[in-house]
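Enquirer: Using numbering that gives the first Met the number 0, the letters of the sequence shown map in sequence onto residues 0 to 144.
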Amino acid sequence: MFLPQRVKTAMTMTKLIVLSCLLSPIILNNEALAQNQSRSEILDLDIQGVSAFVPEDRNIYTITGEVFNNNTFPFNGVQVSATLYDNNGQVVGVGSDFTSPSGIQAGLKAPFKVDIFGTEIMGGIDAVNNFTLQVTGDLQVQLFQ
0 MFLPQRVKTA
10 MTMTKLIVLS
20 CLLSPIILNN
30 EALAQNQSRS
40 EILDLDIQGV
50 SAFVPEDRNI
60 YTITGEVFNN
70 NTFPFNGVQV
80 SATLYDNNGQ
90 VVGVGSDFTS
100 PSGIQAGLKA
110 PFKVDIFGTE
120 IMGGIDAVNN
130 FTLQVTGDLQ
140 VQLFQ
C-alpha cells in the first residue's frame with residue numbers, strides 16, 4: 000500500500016510520542032519500577048540433614064535433606080542440584096529437583112528429594128562414590144516502601 004510521505008511522517012511521529020509517553024514515567028521516577036524484584040541467589044540457603052541411599056529393589060540413587068532459609072527475605076523456586084562422582088573424581092551423574100514447597104519463608108525450611116535413575120549414571124549406581132549439592136533460588140527483595 001502506497002502512503003504519501005507526510006502520512007508516513009505523521010505515523011512515525013505518533014509512534015515516537017506514544018513511546019515517549021510510555022517511557023517517561025520510568026525515566027522520571029525510579030519508584031515507578033515494580034515494588035518487588037527477583038534475582039537469582041545462591042547465598043543464605045543452607046542444606047541440612049542430608050542422606051543418600053538406594054531404595055530396596057530400585058535402580059535409583061536418592062538424596063534427601065532440607066533447605067533452611069537463613070535470610071530475612073523469602074526465596075521462591077528453591078532448587079537442589081546434585082552431582083555424582085566416581086572413585087576417580089569423575090562426574091558420573093547429575094540430577095535436580097525443587098524443595099517441597101518450592102518457596103521458603105525467612106527462617107523456615109523445606110524438604111527436598113533428588114532421584115537419579117541408575118540408567119542415567121555412567122557405570123550404574125555402583126559407580127557412585129560421593130556427591131556434591133548446590134542450592135539456588137529466587138530471593139524476593141522489596142526495593143521501595
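Virtual Cβ for every residue (Gly too), placed ideally from N, Cα, C.
Bear in mind the structure is a predicted one, so any value in this text is a computation, not a measurement.
1) Would you call the CB atoms of ASP90 and VAL113 closer than 8 Å?
2) Between the alpha carbons of PHE52 and PHE67, how many angstroms are there, rounded?
3) Could you spell out the range, first to last residue, of the beta strand (DSSP E) harbouring SER50?
4) Out of GLY123, VAL134, LEU138, which one is the CA nearest neighbour of ILE46?
5) Fully enclosed by the stretch 49-121, which beta strand (DSSP E) runs are 3 residues long or longer?
6) Looking at C-alpha atoms only, which residue of PRO110, ASP85, PHE97, GLY122 is the closest neighbour of ASP130?
7) Taking only beta-carbon atoms, is LEU107 less than 8 Å away from chain B?
8) With distances taken Cα to Cα, identify the nearest neighbour of GLU65 among VAL93, THR98, PRO73.
9) Buried or exposed for SER23, going by 16 or more other Cβ atoms inside 10 Å?
10) Would you kindly work out how many angstroms separate the C-alpha atoms of GLY117 and PHE74, rounded to a whole number?
11) If you drop the 5 nearest sequence neighbours on each side, which residues of the same chain put their C-beta closer than 7 Å to that of GLN104?
Expert: According to the structure data:
1) Here the sequence assigns Val to residue 90, which means Asp is not the residue at that position. Not a contact, by the Cβ cut-off of 8 Å.
2) 22 Å
3) 44-52
4) VAL134
5) 59-68, 74-84, 90-97, 108-116
6) Note that residue 130 is Phe in the sequence shown here, rather than Asp. For PHE130, the nearest C-alpha among the options comes from ASP85.
7) Reference to chain B is not applicable here, since this structure consists of a single protein chain.
8) THR98
9) Interpretation of SER23 is limited by its pLDDT of 39, a score under 50 that renders its predicted location unreliable; the figure taken from the coordinates is listed afterwards. With fewer than 16 Cβ atoms within 10 Å of its Cβ, SER23 is classed as exposed.
10) 31 Å
11) ASN68, PRO73
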